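Input: a single structure, listed below in structure tokens.
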Ligand SMILES: [Zn+2]
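In the working numbering, the protein residues as written are 1 to 67.
Here's what the structure looks like:
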């Protein structure tokens, strides 16, 4: 179990935030806005979540370039 930034514990953490000293689930990443505020403490954990996220991003980019 990993301690999350909201004080809960979860097995589904996908990142660690050094400024918060706690883990984040995909849901918490949106809430904490680590990516939007470019939180320097964010460390991505090695997991499928980021791979899927990148794939979604790439697909979006391709769509944009087509039109
Ligand atoms: Zn953060």
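Cβ atoms here follow ideal geometry from the backbone N, Cα and C, with glycine treated the same way. All values reported here derive from a predicted model rather than from experimental measurement.
| said: So residue 50 and residue 44 are supposed to be a Cβ contact under 8 Å. How far apart are they, rounded? | reply: For the purposes of this step, residue 50 is taken as the residue at position 50 of the chain shown. For the purposes of this step, residue 44 is taken as the residue at position 44 of the chain shown. Yes, they are in contact, since the Cβ atoms of residue 50 and residue 44 sit about 5 Å apart, within 8 Å.
| Helix, strand or coil at residue 18 according to DSSP, with G and I counted as helix | Numbered from its first residue, the chain shown carries residue 18 at position 18. Reduced to three states, the DSSP call for residue 18 is coil.
| residue 42: CB within 8 Å of a non-hydrogen atom of ligand 1 | Numbered from 1 along the chain shown, position 42 holds the residue referred to as residue 42. Indeed, a heavy atom of ligand 1 lies less than 8 Å from the Cβ.
| Rounded separation between residue 22 and residue 32 - CA only | Within the chain shown, residue 22 is the residue found at index 22, counting from 1. Within the chain shown, residue 32 is the residue found at index 32, counting from 1. Computed Cα separation, rounded: 11 Å.
| query | Rounded C-beta distance between residue 27 and residue 41? I'm assuming under 8 Å. | reply | For this step, residue 27 is matched to residue 27 along the chain shown. For this step, residue 41 is matched to residue 41 along the chain shown. In fact, because the Cβ distance is near 18 Å, the residues do not count as touching under 8 Å.
| said: With the cut-off set at 9 Å, would you say residue 15 and residue 34 are in Cβ contact? | reply: By 1-based counting over the chain shown, the position of residue 15 is 15. By 1-based counting over the chain shown, the position of residue 34 is 34. Against a cut-off of 9 Å, the Cβ pair of residue 34 and residue 15 comes out as a contact.
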